[in-house]
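These notes are about the structure you will find just below.
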Amino acid sequence: MADRITDIGPPKYDEMWPQYIKDNYGKWKYHEILEPGVLKHVTEDGFELFTVRCGGTRLMTTLHLEDICKIADQYCDGCFRFTTRNNIEFMVTDTEKLEALKKALDDNGNLPKGGTGACVTNIVHTQGWVHCHTPAIDASGPVKAVMDDLFEYWNSHKLPAQVRISLACCLNMCGAVHCSDIAILGVHRKPPVIEHSHLDKICEIPTAIASCPTAAIKPAKVDDYKSVQVNAERCMFCGNCYTMCPSMPLADAEGDGIALWVGGKVSNSRTMPMFSKLAVPYIPNEPPRWDTTVKTIRTILEAYANGANRYERMGEWINRIGWERFFEVTELEFTEHHIDDYRLAVTTWRNSTQFKF
Amino acid sequence: MADRITDIGPPKYDEMWPQYIKDNYGKWKYHEILEPGVLKHVTEDGFELFTVRCGGTRLMTTLHLEDICKIADQYCDGCFRFTTRNNIEFMVTDTEKLEALKKALDDNGNLPKGGTGACVTNIVHTQGWVHCHTPAIDASGPVKAVMDDLFEYWNSHKLPAQVRISLACCLNMCGAVHCSDIAILGVHRKPPVIEHSHLDKICEIPTAIASCPTAAIKPAKVDDYKSVQVNAERCMFCGNCYTMCPSMPLADAEGDGIALWVGGKVSNSRTMPMFSKLAVPYIPNEPPRWDTTVKTIRTILEAYANGANRYERMGEWINRIGWERFFEVTELEFTEHHIDDYRLAVTTWRNSTQFKF
Amino acid sequence: MAKMHPTPMLDELEKGPWPSFVTDIKRLAEAGKDACADLLGQLELSYKDKEGHWKHGGIVGVLGYGGGVIGRYSDVPDLFPGVEHFHTLRVNQPASKFYKTERLREVMDIWERRGSGMLNMHGSTGDMVLLGAFTEELEPIFAELTAKGWDLGGSGSALRTPACCVGKARCEWACIDTQDICYDLTMEFQDEMHRPAWPYKFKFKVDGCPNGCVASIARSDCSIIGTWKDDIRIDQEAVAAYAAGEICANGGAHGPDTKLDIQADVCDLCPTRCMSYDGKKLYIDNKECTRCMHCINLMPQALRPGTETGASILVGAKAPILEGAQMSSLIIPFIPMEAPYEEFKDFVEKMWDWWDENGKNRERIGELIQRKGLQEFLKAVELEPDPRMVKEPRYNPYIFYQEDEVPGGFERDIKEYRKRHAR
Amino acid sequence: MAKMHPTPMLDELEKGPWPSFVTDIKRLAEAGKDACADLLGQLELSYKDKEGHWKHGGIVGVLGYGGGVIGRYSDVPDLFPGVEHFHTLRVNQPASKFYKTERLREVMDIWERRGSGMLNMHGSTGDMVLLGAFTEELEPIFAELTAKGWDLGGSGSALRTPACCVGKARCEWACIDTQDICYDLTMEFQDEMHRPAWPYKFKFKVDGCPNGCVASIARSDCSIIGTWKDDIRIDQEAVAAYAAGEICANGGAHGPDTKLDIQADVCDLCPTRCMSYDGKKLYIDNKECTRCMHCINLMPQALRPGTETGASILVGAKAPILEGAQMSSLIIPFIPMEAPYEEFKDFVEKMWDWWDENGKNRERIGELIQRKGLQEFLKAVELEPDPRMVKEPRYNPYIFYQEDEVPGGFERDIKEYRKRHAR
C-alpha cells in the first residue's frame with residue numbers, strides 16, 4: 001500500500017482548458033444566442049467565442065465519446081465540455097470554423113444542435129432499468145421517446161421560456177427532479193412483497209422497521225421465520241424499506257409506472273424557486289415508446305406554449321392562471337391523489353374564496 | 001319543568017328592524033362615506049340612509065347602554081345596531097336628523113364618531129383581567145390606552161387602507177386575533193407552577209398529560225403526592241395544561257406580557273387572507289397605560305402609513321417591501337424567537353437568494 | 001353608593017379621548033352596584049400584581065342546558081365580596097345586532113336588577129355577554145329572559161352562537177341573506193347549541209361577500225361566504241363619472257377628494273389582471289375573475305356583484321390551541337343558499353357525523369381534517385375532489401393508493417417474484 | 001462480435017431524431033463487447049417484464065476507500081453472463097466538465113480494456129460514471145486511473161463529489177470563481193469524500209449567479225450561489241440600442257427578431273418593481289433590488305451584476321426520502337469567496353460538527369435542522385438571526401423561552417402564589 005496513489009482528486013480544472021478559455025477567464029461581457037444551439041460569448045476586449053451545443057445521451061459508449069473527441073480534435077483544439085444537463089459543447093473562435101464545425105455535426109447525425117434559449121433542453125435523468133436496483137421505470141428509454149417527440153422544441157426558440165424536464169426512476173430521486181418544469185417520476189403502487197424465509201438473514205429487522213416514515217412496518221413471526229409485516233393502509237410505496245432490506249422488493253409490472261409533476265424551477269429569476277406539483281398521479285409503464293407519457297407531456301407543453309406569456313416559466317404561468325385553469329386547459333383529471341395528505345398538507349389547502357369558475 | 005321555556009332562540013332579526021330597513025331590505029345599490037364616521041347608503045329606488053358610527057367600549061354598563069338607547073329613541077325611531085367590531089351605529093333617514101344626531105353624539109362625549117374607511121377602527125378584544133381566568137394581560141386597559149393614542153387615526157381617513165387591530169389576552173385567542181393587521185397577544189413565559197398537594201384531587205392526571213401539545217408533561221410522585229412534572233425545555237407556555245388542570249397556573253408578573261403580530265387580514269380583496277406574523281415577541285406588562293406597547297404600535301402604524309401605497313393593507317405592504325425592510329423601517333429587533341420552530345416551520349424558511357441588503 | 005376602593009392606576013384610564021370603561025363602571029358603582037365597585041377594586045389589584053384574580057371555572061348553569069353560562073369566582077373574595085361570584089351569561093344576540101331599544105331594555109332591566117349591570121356588547125363570538133352574576137341569580141335571570149323572548153347562546157363543546165355581517169339589511173354587496181341564514185341555523189340547531197355533545201366547539205359565521213366583515217374565514221369552523229357565478233354588473237356611466245373625478249375613490253374611504261385612477265388603482269391592482277380600461281369603458285374578463293371585491297370596493301357606484309348568487313363554504317378555522325391557527329379551507333366552491341337551506345344542512349349533518357365519530361376530545365374539525373386528510377373528509381361529506389379546494393396540488397410523491405385501485409391488488413407471491421429475479 | 005440477443009422492443013428506440021443509446025450500445029456490442037450485448041438483452045427483458053433486473057448492492061470497492069464504487073449484480077446472470085457483475089465507478093469529473101480529449105482518452109482507454117465501455121457523461125451528482133465492471137477489475141481500474149491522475153468521486157454517507165456551473169470560464173454572470181471553489185473544496189475534503197463517516201450524504205454545489213444553472217438550491221446540502229452587494233452596472237447606450245430594437249431581447253433566447261419592450265418586459269416584470277424607464281434611460285433603485293437576474297437575463301448587453309461580489313450560502317436541499325423534498329434555505333446572505341475560502345470552510349466545519357453530533361442515521365442536514373429548529377443550527381454555526389433567513393416570521397405563538405431569558409427564572413413557589421390567589 002506504500003506507493004498506492006489515493007486522494008489525488010480530479011485533474012485541476014485549468015488542465016482541461018483550451019488556451020482561449022485560459023486567456024479570457026473572468027473577462028466575459030455578454031453573450032448572444034445566434035441560432036438554436038449556437039452561442040456567442042464576447043469579452044470586454046471584444047474577443048468572440050462561439051459555442052455549439054449538442055444533445056447528449058448521458059448513457060453512451062466509448063465509441064460515441066471517441067466520435068465526439070474526434071470532432072473536438074479536428075475543430076476545437078482538442079477541447080470540449082459537457083453541461084449540467086448532459087449536453088455537449090464544442091467551442092471555436094471564429095465564424096469560419098463555426099460553419100465547418102456545424103457541418104461536421106450535421107454529418108455526424110448523432111449530435112443534434114439545440115438546447116438553447118426558450119426551448120425544451122435535454123432531460124436530466126437517472127439510470128432506470130439500465131443500472132438501478134430500485135427503479136419503477138426505465139430512464140433512457142422514456143427520455144429518448146420524449147425527446148424524439150419534443151424534438152421540434154429542442155432546436156427552436158418557440159416556447160415562452162425554457163422548459164426543464166427531468167426524470168427520476170423512483171422516489172429516491174437521484175435526479176432531484178422536484179424543482180423541474182416537468183418531472184417524470186417512477187412510482188411504485190404496491191407494498192413490498194416480503195421474503196419471510198430469508199429476511200432475517202439478509203436484513204436487520206430493527207433497521208427495516210425504522211426505515212418506514214409512516215411506521216407501517218412491524219416485527220412479525222411468519223411460518224416460524226422472524227420477519228416483518230407491512231400495514232398496507234399506511235404504506236405510501238416510498239421504497240425506503242427495500243433500500244434498507246433487499247427481502248422487501250416493491251417492483252411490480254402492474255403496480256409500477258410514471259407520475260408527472262409540473263411547475264417547478266430552481267432559478268431565482270423573478271419568482272423564488274418552486275417545487276414541481278402533481279399533474280398526473282399514474283401512467284402505466286408502456287415500453288418501448290411510453291406512448292401515454294409522451295402524449296401527456298406534449299399536451300402539458302402545448303397548453304403552456306399556448307397560454308403563457310413570454311418569459312413566464314411553467315410554474316409562473318400556472319400560478320397566474322390558477323390550478324383550476326391548468327386542469328381545465330390540459331384536460332387532465334384532478335383526483336383525490338392530487339390533494340396533499342403528508343406532513344405539510346394543511347399549507348396547500350385554499351384558505352380563500354378566490355377561485356375561478 | 002313542564003312550562004319551562006327553553007330553546008326559543010334569539011328574537012328574530014326583523015323584530016329588531018326599523019321600518020326603513022324592512023322596506024329596503026336587499027335593495028341597496030351603493031354606499032358612500034361622507035366624512036369620518038358617517039355613511040350614506042342608497043337604494044336602487046334612490047332612498048337614502050345615513051349612518052353614524054361611534055366607538056364602543058365593548059365592556060360597558062347598563063347606564064351607558066341606556067344613554068345609547070336614549071339617543072336612539074330621540075333620533076332613530078328607537079333603533080340602532082352594533083357592528084362586529086363593537087362599534088355602535090345610529091341610523092337616520094335625512095340630513096336634518098343627521099345633523100341633530102351628530103350634535104347629540106358630540107354632546108354625549110362618550111360616543112366618538114369614526115371607524116370608517118382608511119382608519120384604525122375599534123379594537124376587538126377579549127376579557128383580560130376583568131373576567132378571564134387564564135389571561136397573561138389585561139384587555140380593556142390596553143385597548144383604551146392604544147385607542148387614546150391612535151385616536152387621530154380613528155376619526156380620519158389618512159391611512160393607506162383600513163387597519164384592524166385585535167387583542168387576545170392569552171394563546172387561546174378567544175378573539176381569534178391571528179389574522180389582524182396588528183394583533184396584541186398576551187403571552188406567558190414561565191412553565192406552570194404545580195400545586196402537587198392538590199393536583200390529584202382537582203385534576204385528572206391523564207387529561208393533564210394529554211393536554212400538552214409537546215408531550216412535556218409526565219406523571220410524577222412529589223412529596224408522596226401523585227402529581228405531574230413539566231419538562232421546562234419543551235414547554236412553550238401555551239397554557240393548555242392549566243385550562244385542563246387548575247393546579248398548574250402559569251400567570252406570573254415577571255413572565256407575562258405582550259407579543260405583537262402584524263400583517264394579517266381576513267378579507268379576500270386582492271390577496272388571499274393572511275395570518276399575522278410575529279413582530280415583537282415580548283413587551284412587559286406596564287399597567288396602567290401600557291406605554292411600550294402603545295409606543296411600539298404607533299411606530300409600526302406610522303411606518304406603514306409612510307411606506308404603503310394607497311389601498312395596500314399592512315400585510316400587502318410588508319410582502320412588497322420584504323420582512324427585512326419591515327424590521328429596518330420599524331427599527332424592531334429580529335431575534336431567534338421570530339424564526340418559526342413549530343410544526344410547519346420549514347415552510348417559512350427562505351429558499352431563495354432573493355433578499356434585500 | 002357602593003363601597004369604592006382606591007384605584008389610582010385605573011384612574012389613569014379615565015384620561016384620553018377614547019370612552020373610558022373605568023369612568024362608566026365607576027358611575028354604576030356610585031349608583032350603588034357593589035359588583036362594579038369591587039370589580040374595579042379587584043382589577044386595580046391585578047394592575048398592581050400584574051396577574052389576574054379569577055379562579056378557574058366551576059360548573060354552574062341553568063337546568064336543562066349544558067352551556068350558555070360560564071362560571072367564575074374571585075380568588076380574593078374577602079377583599080371583593082361583590083364579585084365573589086362573577087358568572088357570565090351569554091345571551092343570543094339578534095342576527096346582525098340590530099336592536100329596538102324597547103326590546104334591549106328587557107334585557108337591561110333584568111340585568112340591572114339581578115346582575116352586576118356590566119356587560120359586553122358583544123362577546124367575541126357575537127353574544128351579548130352579561131358579566132357577573134351570583135349563582136343563585138342564574139335561574140331567575142334565565143326565567144325572566146326566556147319569558148321576554150330571549151335565550152342563551154352556546155358554550156363548551158357545542159354549537160356556538162352563529163353570527164353574521166349586516167348583510168342585506170344595509171349592504172349592497174350581500175350576495176346571500178346572512179341574517180336569515182344565521183337565524184335559521186340558530187333555530188334549527190338549538191339542541192346542538194344548548195347541550196354540548198361534540199368533541200369540541202363548532203362555529204358558524206356568515207359573511208355576505210368575500211370582504212368578510214364578520215371574519216368567518218379566520219373565526220369559524222364553517223364559514224358561509226356569499227359570492228356570485230355570473231358577471232360583475234357594470235354601469236359605464238358611473239365608470240365615466242369616476243374617470244372624471246365626479247365620484248371619489250373607494251366609497252370615500254380616503255376622503256372625498258381622492259380621485260380614482262382606473263388603470264392604476266383598479267386594473268393594475270386586480271389580482272388576476274382580468275380588467276382593462278380603454279379610457280372610456282371598463283371591460284372585465286369575468287371568466288378569469290376570482291371575485292376578490294377589490295374593483296367593486298373601489299368603484300361601488302359603477303360595479304356590483306352579479307345576480308346569480310350563492311355561497312362558498314369553507315371549513316376549519318380556529319385559533320392556535322392546539323395544532324396552530326388555521327383558516328377555513330374551501331370545500332364547496334359554490335352552493336345556492338335559499339331558505340330552507342336543505343342542501344347546505346345536508347352537508348352540515350354529514351360533516352358533524354364524521355367529526356362526531358372520528359374526532360378526539362378537544363379536536364376541532366379543522367384539526368381532524370389535518371389528521372385524517374382532506375380526502376377522508378371529502379369522502380365523508382360525499383364531495384368530489386376539485387382543484388379549487390387547494391392552492392396547489394401536492395409536491396411530495398407520497399401517494400396512498402387503495403388496494404382496489406391497483407390491478408392485481410396488493411397480494412403477491414414471493415415465489416413467483418423469485419422465478420423472475422434471483423435472490 | 002458479441003452474442004447479440006433479439007431486442008425487438010429496444011429496436012423501436014433506434015427510431016426518431018434524438019440520438020439513440022440503443023444504436024450506440026449495439027455498435028459497441030457488435031465491436032465485441034459482451035457486456036453491451038448482454039446489457040441490451042437484459043434491458044429487453046425488463047421491457048418485457050416491466051421490472052428491473054438488478055440485484056440489491058453488495059459491498060464492493062477499492063482498498064482504502066469506503067465509496068466511489070457501487071456494487072451491482074444481475075438477477076438473471078445465467079441469461080446475461082456479460083453483466084453478471086455490473087459495478088459502477090464514479091470518477092471525479094474536472095470542475096465545469098471541460099475536457100481535453102487527450103486526457104479524456106486516458107479514462108476511455110482504461111474503460112474500454114477493463115470495463116463494459118459504457119458510461120454516463122455524467123451522473124446526477126456530476127461524476128463521470130463508468131457503468132459495468134466485474135469485481136476483479138476494480139482494483140486494476142483504480143490503479144490505472146490514479147496513475148493517470150484521475151480519482152474516484154464520493155458515494156454513501158460521505159461528501160459527494162462537488163459540482164459547479166461553467167462559471168468564469170465562459171459566463172459573464174459568474175460572481176464567484178465556481179471552478180476554483182469546487183476544486184478547492186474537493187481537494188480540501190478528500191478524506192470526507194472517500195471515507196464515509198457521516199449520518200448520511202452531503203453535497204456541495206456551486207452556482208455562479210442566482211440563475212442557478214447547476215441547481216444547487218434544489219440539489220445540494222450546501223448551496224454556494226454567487227451574488228453581489230453593490231449596484232447593477234448599466235450601459236445606457238446599450239439600453240438605447242435595446243429600445244431601438246438594435247439588440248434582441250433575452251440574449252436571443254426567443255429568436256433574433258424579438259424586440260424588447262423595456263417597460264413591459266423589464267420594469268413591469270421586476271419582482272420588486274425597483275426599475276423605471278423614462279423612454280431614454282433605465283433607472284434602478286438598487287437598494288430595493290433582490291438580484292433575481294431577470295433584467296440582466298433580458299438585457300445582457302446593457303446590464304451586468306455589480307462588482308462587489310461574493311456568495312449567498314443556503315443549506316439543506318434534498319430529494320423526498322424521507323421527510324419530503326426540501327430546497328436549501330438561506331443561512332448566510334453574503335460571504336466573500338476568495339481563496340483559500342477560510343471563512344466559508346470555518347462555517348462548514350461547524351456545520352458538520354453539529355450534524356455529526358446530532359444527526360440520526362440517514363438524516364440529511366436539512367432534516368436535522370427541521371427536527372432541531374433553525375435556531376439551534378444558527379447557534380451551532382455561530383450566526384445571528386436575520387430576517388433574510390426566513391420568508392416570514394412565525395405566525396404561531398409557540399415561542400420557546402430559555403430560563404435565563406425570563407426575570408426570576410422558571411422556579412416558582414406555589415405557596416407564594418397561593419398567598420395572592422385562593423385555591
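Residue numbers (UniProt numbering), protein chains in the order written: chain S, 1 to 357; chain P, 1 to 357; chain C, 1 to 423; chain Z, 1 to 423.
Glycine is no exception: its CB is placed at the ideal position from the N, C-alpha and C atoms.
Contacting residues, own chain, Cβ-Cβ under 7 Å from residue i (five flanking each side not counted)
| i | result |
| --- | --- |
| residue 324 (chain S) | 355 and 356 |
| residue 416 (chain Z) | none |
| residue 266 (chain P) | 179 and 273 |
| residue 241 (chain P) | 192, 208, 211, 212, 217 and 248 |
| residue 326 (chain C) | 316, 317, 318 and 366 |
| residue 333 (chain Z) | 312, 386 and 388 |
| residue 134 (chain P) | 170, 172, 239, 242 and 243 |
Residue i: first and last residue of the uninterrupted beta strand (DSSP E) it sits in
| i | result |
| --- | --- |
| residue 179 (chain Z) | From DSSP, residue 179 (chain Z) is part of no beta strand (DSSP E) but of the alpha helix (DSSP H) over 178–188. |
| residue 54 (chain S) | 48–54 |
| residue 329 (chain Z) | 329–335 |
| residue 285 (chain P) | Counting along the chain, residue 285 (chain P) falls outside any beta strand (DSSP E), and DSSP gives it neither H nor E. |
| residue 420 (chain P) | The structure shown does not extend to residue 420 (chain P), since chain P is modelled only from 1 to 357, so the question has no answer here. |
| residue 110 (chain C) | Unbroken run through residue 110 (chain C) is the alpha helix (DSSP H), 101–114; no beta strand (DSSP E). |
| residue 100 (chain P) | Run containing residue 100 (chain P): none in the beta strand (DSSP E); it sits in the alpha helix (DSSP H), 95–108. |
| residue 75 (chain S) | Premise fails: residue 75 (chain S) lies in the alpha helix (DSSP H), 62–75, not in any beta strand (DSSP E). |
| residue 119 (chain C) | 118–121 |
| residue 335 (chain P) | Counting along the chain, residue 335 (chain P) falls outside any beta strand (DSSP E), and DSSP gives it neither H nor E. |
Residue i - partner residues in DSSP beta bridges
| i | result |
| --- | --- |
| residue 222 (chain C) | C:204 and C:315 |
| residue 88 (chain Z) | Z:70 and Z:131 |
| residue 152 (chain Z) | Z:91 |
| residue 164 (chain C) | C:206 |
| residue 186 (chain S) | S:258 |
Cβ-based neighbour list, residue i, same chain, cut-off 6 Å, excluding 5 preceding and 5 following
| i | result |
| --- | --- |
| residue 311 (chain S) | 161 |
Cβ separation of residue i and residue j, assumed to be a contact under 8 Å, to the nearest whole Å
| i | j | result |
| --- | --- | --- |
| residue 59 (chain P) | residue 92 (chain C) | No, residue 59 (chain P) and residue 92 (chain C) are not in contact; Cβ-Cβ is about 19 Å, not under 8 Å. |
| residue 298 (chain C) | residue 218 (chain C) | Going by Cβ atoms, the distance from residue 298 (chain C) to residue 218 (chain C) rounds to 23 Å, so no, they are not a contact pair. |
Residue i Cβ short of 8 Å to the ligand MG heavy atom set
| i | result |
| --- | --- |
| residue 199 (chain Z) | The ligand content of the structure shown is nil, which means the ligand MG is not present either. |
Contact set for residue i: own chain, Cβ-Cβ below 8 Å, skip 5 residues either direction
| i | result |
| --- | --- |
| residue 409 (chain Z) | 403 |
| residue 130 (chain S) | 59, 138, 139 and 140 |
First and last residue of the uninterrupted alpha helix (DSSP H) at residue i
| i | result |
| --- | --- |
| residue 275 (chain S) | Note, residue 275 (chain S): premise wrong, no alpha helix (DSSP H); not H, not E. |
Cβ contact (3+ pairs, closer than 8 Å) linking the stretch 22–34 of chain S and the stretch 66–76 of chain S: no
Does the stretch 29–48 of chain Z touch the stretch 62–73 of chain Z, meaning 3 or more C-beta pairs lie closer than 8 Å? no
Contact between the stretch 159–174 of chain P and the stretch 196–207 of chain P (3+ Cβ pairs under 8 Å): no
Count the CB pairs spanning the stretch 115–132 of chain Z and the stretch 149–169 of chain Z that are closer than 8 Å, and state whether there are at least three. yes
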